[in-house]
Amino acid sequence: MATALPSEQVRITTDPTTEPFWQAAKERRLVAPRCGACGHFRLPPTPYCPECQSAEVDWVELAGRAVVYSFAVVHGFPGLPDVTLVPAVVDLPDAPGARLVSNIVGVDPEAVEIGMELTVDFHPIADGWLLPVFRPAADE
Ligand SMILES: [Zn+2]
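For the sequence shown, the numbering used here gives the first residue as 296, with consecutive numbering after it.
This is the structure in structure tokens:
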């Protein structure tokens with residue numbers, strides 16, 4: 296079963312550009328920065344829009360849905376030989392054009408496939424932050 300790294304193994308640093316993303320995650324909300332001038336989503340967060348160079352940004356709350364764009368299966372991690380990780384790049388349907396690098400958890404790695412629908416969850420990491428991770432979307 297794919298999992299996430301133990302909390303103490305994951306440390307983040309924030310800066311004024313990325314902190315709103317992490318503050319929202321701490322409240323179990325997934326947000327994405329959308330250019331205030333042209334509407335282009337920019338993830339990972341950047342100070343200036345790559346499309347129009349505007350520094351204006353609106354933080355948009357997403358429903359937490361994602362779709363697998365690309366993934367890998369990693370067996371073992373330094374000091375954790377038995378862990379299985381599924382790092383993935385996911386598309387965010389509510390933020391067209393934006394992709395997030397994350398981990399898929401709670402799934403048999405054999406079952407993961409491109410296009411699989413996911414839903415966000417939040418995994419505790421160092422210093423009290425929460426990391427957005429993704430699980431298979433519940434069958435309707
Ligand atoms: Zn823009």
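Backbone N, C-alpha and C fix where the C-beta goes; we use that ideal spot for every residue, glycine too.
Requested in this report: Look at the Cβ atom of leucine 325, then the Cβ atom of glycine 359, and state whether they are nearer than 8 Å.
Outcome: yes
Requested in this report: Measure the C-alpha to C-alpha separation of valine 369 and leucine 380 and round it to an integer number of angstroms.
Outcome: 5 Å
Report task. Take every Cβ of the stretch 378-392, pair it with every Cβ of the stretch 418-427, and state whether three or more of those distances are shorter than 8 Å. Result -> no
Query raised in the report: Relative to ligand 1, is the shortest distance from any of its heavy atoms to the C-beta of alanine 383 smaller than 7 Å?
Result: no
Query raised in the report: So, are the CB atoms of alanine 432 and glutamate 412 less than 8 Å apart?
Result: yes
Report task. Mark serine 349 as exposed unless 16 or more other C-beta atoms lie within 10 angstroms of its C-beta, in which case mark it buried. Result -> exposed
Query raised in the report: Got a list of residues with beta-carbon closer than 5 Å to any non-hydrogen atom of ligand 1, in chain order?
Result: Cys330, Ala332, Cys333, His335, Cys344, Glu346, Cys347, Ser349
Query raised in the report: Per DSSP, proline 382 forms a beta bridge with which residues?
Result: Asn398
Query - DSSP-derived helix/strand/coil call for glycine 359 - result: coil
Report task. State the DSSP-derived secondary structure class of tryptophan 424, mapped to helix, strand or coil. Result -> coil
Query raised in the report: If we call anything under 8 Å between Cβ atoms a contact, is alanine 442 one with asparagine 398?
Result: As displayed, the chain neither begins before 296 nor continues past 435, which places residue 442 out of reach and without an answer.
Query - Contacts around arginine 329, its chain only, beta-carbon distance under 8 Å, and the 5 residues preceding and following it disregarded - result: His335, Phe336, Arg337, Val352, Asp353, Trp354, Val355, Ala390
Query - Helix, strand or coil at proline 431 according to DSSP, with G and I counted as helix - result: strand
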